[in-house]
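Add 319 to a position in the sequence shown, counting from 1, and you land on the number used in the numbering used here.
We treat Cβ as the ideally placed atom computed from N, Cα and C, and that holds for glycine.
This one's a predicted model, so the numbers in the text were calculated from it and none came from an experiment.
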Amino acid sequence: MCGIIGYLGPRSVVPVLLDGLRSLEYRGYDSAGIALMREGSIEVLRTAGKLSHLVDAIDGHPLDADYGIGHTRWATHGKATADNAHPHRDCSGRTVLVHNGIIENYLELKQQLVGEGHVFRTETDTEVIAHLVERETNGDGLAHAVRRALRTVRGLYGMVVVSANDPGTIVAVREGPPIVVGLGRGEFLVASDVPPILPYTREVIFLEDGEMVVIRRDRLEFFDREGRAIAKTPTRVQWDQAQVQRGAYEHFMQKEIFEQPLALRQTLSGNSGRAGGSASLEDIGVTARLESIERVQIVACGTSWHAGLVGKFLIERFSRLPVEIDYASEYRYRQPIVDDRTLTVAITQSGETADTLAALREARDRGAATLAVCNVVGSMATREADGTLYTYAGPEIGVASTKAFTSQLVAMNLLALRLAEIHGVVSGACITNQLNALKSVPGLIEQVLERDPEIQDIAKRHFQRSSFLYLGRGINYPIALEGALKLKELSYIHAEGYPAGEMKHGPIALIDETVPVVAIATEDLFSKVASNIQEVKARGASVVIVTDVSPKRFAGMLDPDRDSLVPIPGTDPLLMPLLAVVPLQLLAYHIARCRGCDVDQPRNLAKSVTVE
Numbered sequence: 320m321c322g323i324i325g326y327l328g329p330r331s332v333v334p335v336l337l338d339g340l341r342s343l344e345y346r347g348y349d350s351a352g353i354a355l356m357r358e359g360s361i362e363v364l365r366t367a368g369k370l371s372h373l374v375d376a377i378d379g380h381p382l383d384a385d386y387g388i389g390h391t392r393w394a395t396h397g398k399a400t401a402d403n404a405h406p407h408r409d410c411s412g413r414t415v416l417v418h419n420g421i422i423e424n425y426l427e428l429k430q431q432l433v434g435e436g437h438v439f440r441t442e443t444d445t446e447v448i449a450h451l452v453e454r455e456t457n458g459d460g461l462a463h464a465v466r467r468a469l470r471t472v473r474g475l476y477g478m479v480v481v482s483a484n485d486p487g488t489i490v491a492v493r494e495g496p497p498i499v500v501g502l503g504r505g506e507f508l509v510a511s512d513v514p515p516i517l518p519y520t521r522e523v524i525f526l527e528d529g530e531m532v533v534i535r536r537d538r539l540e541f542f543d544r545e546g547r548a549i550a551k552t553p554t555r556v557q558w559d560q561a562q563v564q565r566g567a568y569e570h571f572m573q574k575e576i577f578e579q580p581l582a583l584r585q586t587l588s589g590n591s592g593r594a595g596g597s598a599s600l601e602d603i604g605v606t607a608r609l610e611s612i613e614r615v616q617i618v619a620c621g622t623s624w625h626a627g628l629v630g631k632f633l634i635e636r637f638s639r640l641p642v643e644i645d646y647a648s649e650y651r652y653r654q655p656i657v658d659d660r661t662l663t664v665a666i667t668q669s670g671e672t673a674d675t676l677a678a679l680r681e682a683r684d685r686g687a688a689t690l691a692v693c694n695v696v697g698s699m700a701t702r703e704a705d706g707t708l709y710t711y712a713g714p715e716i717g718v719a720s721t722k723a724f725t726s727q728l729v730a731m732n733l734l735a736l737r738l739a740e741i742h743g744v745v746s747g748a749c750i751t752n753q754l755n756a757l758k759s760v761p762g763l764i765e766q767v768l769e770r771d772p773e774i775q776d777i778a779k780r781h782f783q784r785s786s787f788l789y790l791g792r793g794i795n796y797p798i799a800l801e802g803a804l805k806l807k808e809l810s811y812i813h814a815e816g817y818p819a820g821e822m823k824h825g826p827i828a829l830i831d832e833t834v835p836v837v838a839i840a841t842e843d844l845f846s847k848v849a850s851n852i853q854e855v856k857a858r859g860a861s862v863v864i865v866t867d868v869s870p871k872r873f874a875g876m877l878d879p880d881r882d883s884l885v886p887i888p889g890t891d892p893l894l895m896p897l898l899a900v901v902p903l904q905l906l907a908y909h910i911a912r913c914r915g916c917d918v919d920q921p922r923n924l925a926k927s928v929t930v931e
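The following block contains the structure:
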């Protein structure tokens with residue numbers, strides 16, 4: 320969740336830390352702080368609120384440092400105040416650290432430390448680690464003190480520590496949340512994600528759980544959980560710095576919505592370009608086990624779970640394999656039935672989602688073949704799964720997912736076709752036709768994006784409403800869920816997605832003239848959804864209809880002063896989710912803008928949920 324940055328090198332330290340935190344603010348923006356090390360002393364600056372408050376506090380006060388660390392917080396334990404902001408200190412103020420995660424036994428440890436005379440200044444769980452490191456400091460170096468301190472800690476942590484007792488040293492450890500080390504020319508960076516490293520180097524090393532890195536000016540050293548030295552091989556990140564900048568767009572989310580045609584083309588070419596009309600996915604690493612698969616389980620959270628729902632439709636339709644889908648956070652608690660003929664697909668944009676990783680490990684330990692559908696090369700999910708189907712969406716900075724979601728839908732199409740091909744369920748001609756239709760989708764999305772001004776006008780008519788209902792049928796039902804989620808995330812308006820046929824079984828009680836209904840009415844199930852539209856119209860609702868059918872078929876049904884049509888191009892019904900979701904993304908974006916909401920950093924949310 321939280322953003323972490325550390326830097327040791329010849330550059331001016333404060334700008335590097337602040338620029339790094341700006342690129343990490345999507346991971347948390349409740350408070351921010353930095354710790355600066357210079358000539359054996361430590362200076363800590365912290366503010367509540369967004370990073371801009373910290374920048375204002377620093378502005379006009381030149382600061383210099385030999386090296387430093389920084390943090391932008393997503394609050395778990397303790398309110399979002401300056402006192403609770405990271406970095407946190409020990410009693411002496413000589414050791415400071417930044418932390419992403421949750422210390423589960425912090426109350427027990429805190430009571431023990433208070434009994435030993437330690438004085439706590441915050442409400443956070445993180446502060447206990449600073450005092451533990453202080454207790455374990457005995458002159459043999461910061462790395463040894465950190466390792467001893469963590470022996471009593473239960474929980475998750477990506478953590479970076481510095482100490483005036485061991486000048487010129489940065490220690491970082493991982494147990495759950497990600498830690499990435501950047502290898503520049505004569506400089507080193509450590510962060511909780513790749514973007515802050517990109518301006519300086521593309522050569523990175525991802526820590527595994529239980530690993531530690533010790534950074535000094537002239538070298539890096541890596542250790543395992545027991546303190547044994549280990550070798551690590553750098554990975555070259557394919558993203559570039561321009562991809563993590565807004566460019567001419569007002570918001571990252573707006574940029575990422577309009578990047579979807581490119582992201583989908585990259586996902587297609589990265590996974591199926593070599594095979595022509597085949598659905599071959601040789602590079603995903605789990606191909607050898609797919610022939611024996613008899614059932615599929617999909618685990619995911621949030622928007623990725625909606626992609627999994629679409630994937631269930633696709634896999635069952637094409638391969639005729641039964642598919643179960645679980646919220647990853649619930650998967651472990653139902654004792655899932657898994658064996659070596661099960662394929663468990665974990666969908667995660669970041670590859671670091673704590674609940675999804677836990678579900679993946681549960682399935683793997685029970686004997687399943689595991690496949691990660693992921694956007695980040697080298698992330699934990701890609702290292703732990705038997706295979707990976709990459710989405711190649713590029714970095715997604717906006718907290719509400721857009722291009723990562725549609726890229727996941729493309730990946731699920733490719734997986735469904737590959738399973739069908741391996742199991743001989745459909746003909747080669749059918750697969751070729753479906754792939755060709757899929758390759759036409761990016762161009763069709765470009766046509767949908769041309770409707771942006773019309774959707775902006777619709778948003779202006781509805782942004783003051785307090786509740787929305789989204790309806791879809793069949794494979795478009797998950798898109799109704801996704802549309803409602805986007806509106807909730809961005810505008811803080813209550814919204815619910817429902818199967819259109821389920822509306823009569825309760826939700827229709829909510830309908831009156833104050834509740835707009837957003838309906839996905841595509842050709843394949845048009846008559847059914849049209850009936851549902853008539854039902855809500857009869858109860859006074861205004862409607863927004865996303866449709867690929869001719870406007871003539873709505874003649875006499877709609878009120879031009881209250882209702883809206885958003886035309887989208889026709890395509891294969893199984894590919895319609897890729898087109899239907901784009902107007903819903905734009906609608907949520909523009910409604911949020913009309914309401915003055917922070918589109919890229921919605922309240923209470925963070926991009927990557929790395930704690931349970």
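Thinking C-beta only, is Ala582 closer than 8 Å to Gly713? On the sequence shown, position 394 is the one that residue 713 refers to. On the sequence shown, position 263 is the one that residue 582 refers to. Contact flag set, yes.
What are the boundary residues of the beta strand (DSSP E) that includes Tyr646? Translated into positions along the sequence shown, residue 646 becomes position 327. Start and end: 642-646.
On a CA-only basis, which of Arg565, Ala607, Gly747, Ala688 is nearest Gln934? Give me that one, please. Nothing can be reported for residue 934, as the shown portion of the chain is limited to 320 through 931.
Given that a residue counts as buried once 16 or more other Cβ atoms are within 10 Å of its Cβ, and exposed if not, what is Ser482? Counting from one through the sequence shown, the residue named residue 482 turns up at place 163. Classification of Ser482: buried, given that the 10 Å Cβ count is 16 or more.
Buried or exposed for Asn851, going by 16 or more other Cβ atoms inside 10 Å? Translated into the one-based positions of the sequence shown, residue 851 becomes position 532. That one is buried.
Which runs of the beta strand (DSSP E) at least 3 residues long sit entirely within the stretch 394-450? Give them in chain order. 414-422
Which same chain residues, not among the five before or five after Pro870, have their C-beta less than 8 Å away from its C-beta? On the sequence shown, position 551 is the one that residue 870 refers to. So the qualifying residues of the chain are Leu884, Pro886.
Would you mind working out which of Glu635, Leu768, Ala691 sits nearest Leu738, comparing C-alpha positions? Mapped onto the sequence shown, residue 738 falls at position 419. Nearest option by C-alpha distance: Glu635.
Continuous beta strand (DSSP E) stretch holding Arg535: start and end: Stepping through the sequence shown from its first residue, residue 535 is reached at position 216. Note, Arg535: beta strand (DSSP E), 531-535.
Ser511 and Leu337 look like a contact to me (Cβ under 8 Å); what is the Cβ gap, rounded to whole Å? Against the sequence shown, residue 511 aligns to sequence position 192. Against the sequence shown, residue 337 aligns to sequence position 18. Actually they are not in contact, since the Cβ atoms of Ser511 and Leu337 sit about 16 Å apart, beyond 8 Å.
What's the gap between the Cα of Gly458 and the Cα of Pro497? Taking the first residue of the sequence shown as position 1, residue 458 is located at position 139. Taking the first residue of the sequence shown as position 1, residue 497 is located at position 178. Near 29 Å, if we compare the C-alpha coordinates of Pro497 and Gly458.
Whole-angstrom distance between Asp659 and Arg593, CA atom to CA atom: The residue given as residue 593 occupies position 274 in the sequence shown. The residue given as residue 659 occupies position 340 in the sequence shown. Interpretation of Arg593 is limited by its pLDDT of 40, a score under 50 that renders its predicted location unreliable; the figure taken from the coordinates is listed afterwards. Taking the straight line joining both Cα atoms gives about 29 Å.
Nearest neighbour of Val452, chosen from Leu587, Arg653, Thr414 [CA to CA]: As a first step, residue 452 is located in the sequence shown; it is residue number 133 there, counting from the start. With distances taken between Cα atoms, Val452 lies closest to Thr414.
CA-CA distance, Ile524 and Met699? Position 205 of the sequence shown, counted from the start, is the residue given in the question as residue 524. Position 380 of the sequence shown, counted from the start, is the residue given in the question as residue 699. Roughly 12 Å separates the two Cα atoms.
Within 10 angstroms of its Cβ, does Glu569 collect 16 or more other Cβ (buried), or is it exposed? Sequence index remark: in the sequence shown, residue 569 carries index 250 (1-based). Per the 10 Å Cβ criterion, exposed.
For Gln812, which three-state DSSP category applies? Counting from one through the sequence shown, the residue named residue 812 turns up at place 493. For the sequence presented, residue 812 should be read as Ile rather than Gln. Here Ile812 sits in coil by DSSP.
Flag this pair as touching only if the stretch 660-675 and the stretch 824-838 have three or more C-beta atom pairs under 8 Å; answer yes or no. no
Note down, one range per segment and in chain order, each beta strand (DSSP E) of at least 3 residues found wholly within the stretch 597-632. 614-619
Length at least 4, wholly inside the stretch 488-535: the alpha helix (DSSP H) runs in chain order: none
Rounding to the nearest angstrom, what Cα-Cα distance links Gly295 and Lys847 in this structure? This structure cannot settle anything about residue 295, because the visible part of the chain is limited to 320 through 931.
In the structure shown, what three-state DSSP assignment does Val693 receive? Taking the sequence shown and counting its residues from 1, one reaches residue 693 at position 374. Correcting the residue identity first, residue 693 is Cys in this sequence and not Val. In this structure, Cys693 counts as strand in the three-state DSSP scheme.
Sorted by chain position, which residues of the same chain lie with C-beta nearer than 6 Å to Arg680's C-beta, five sequence neighbours on each side aside? Within the sequence shown, residue 680 is the residue found at index 361, counting from 1. Here the set comprises nothing.
Along the beta strand (DSSP E) that carries Pro886, what are the first and last residues, could you check? Within the sequence shown, numbered from 1, the residue matching residue 886 stands at position 567. That run of the beta strand (DSSP E) goes 883-886.
Using the Cβ count rule (16 or more neighbours within 10 Å means buried), how would you classify Thr866? Your numbering for residue 866 matches position 547 in the sequence shown. Label assigned to Thr866: buried.
Spell out a yes or no on whether the stretch 370-389 and the stretch 430-449 are touching, meaning 3 or more CB-CB pairs, one atom from each, closer than 8 Å. no
Between which residues of its own chain and Phe782 is the CB-CB distance below 6 Å, once the five residues before and five after are set aside? Along the sequence shown, read from residue 1 onward, the residue named residue 782 stands at position 463. So the qualifying residues of the chain are Ile910, Cys913, Arg914.
To the nearest angstrom, how far is it from the Cα of Val834 to the Cα of Val901? Locating residue 834 in the sequence shown gives position 515, where the first residue counts as 1. Locating residue 901 in the sequence shown gives position 582, where the first residue counts as 1. In a straight line, the C-alpha of Val834 is about 22 Å away from that of Val901.
Identify whether Ile634 lies in helix, strand or coil by the three-state DSSP scheme. Here the question's residue 634 lines up with position 315 in the sequence shown. DSSP places Ile634 in helix when its eight states are reduced to three.
Kindly list the residues whose CB is nearer than 6 Å to the CB of Ala814, restricted to its own chain and excluding five residues on each side of it in sequence; keep chain order. Here residue 814 refers to the residue found at position 495 when the sequence shown is read from its first residue. Excluding sequence neighbours, Ala814 sits near Phe787, Ala803, Leu806, Lys807.
Can you name the start and end residues of the beta strand (DSSP E) that Tyr568 belongs to? Translated into the one-based positions of the sequence shown, residue 568 becomes position 249. Here Tyr568 belongs to no beta strand (DSSP E), and DSSP marks it neither H nor E.
Expressed to the nearest angstrom, what Euclidean distance is found between the alpha-carbon atoms of Val695 and Glu842? What you label residue 695 is simply residue 376 of the sequence shown in a count that begins at 1. What you label residue 842 is simply residue 523 of the sequence shown in a count that begins at 1. The straight-line gap from Cα to Cα measures roughly 36 Å.
Proximity of Leu640 and Ile612 at Cβ, strictly below 8 Å: Indexing the sequence shown from 1 puts residue 640 at position 321. Indexing the sequence shown from 1 puts residue 612 at position 293. Yes, the pair counts as a contact, with Cβ atoms nearer than the cut-off.
Do Arg341 and Glu423 have their C-beta atoms within less than 8 Å of each other? Counted from its first residue, the sequence shown places residue 341 at position 22. Counted from its first residue, the sequence shown places residue 423 at position 104. Not in contact: Arg341 and Glu423 (Cβ atoms no closer than 8 Å).
Over the uninterrupted alpha helix (DSSP H) stretch that includes His372, give me the two end residues. Translated into the one-based positions of the sequence shown, residue 372 becomes position 53. His372 -> alpha helix (DSSP H) spans 370-377.
Per DSSP, what are the beta-bridge partners of Gly474 in this structure? In the sequence shown, counting from the first residue as 1, residue 474 sits at position 155. In DSSP, Gly474 forms a bridge with Ile422.
Whole angstroms is fine: what's the gap from Glu765's alpha carbon to Pro580's? Here the question's residue 765 lines up with position 446 in the sequence shown. Here the question's residue 580 lines up with position 261 in the sequence shown. Using only the alpha carbons, I get a separation of about 7 Å.
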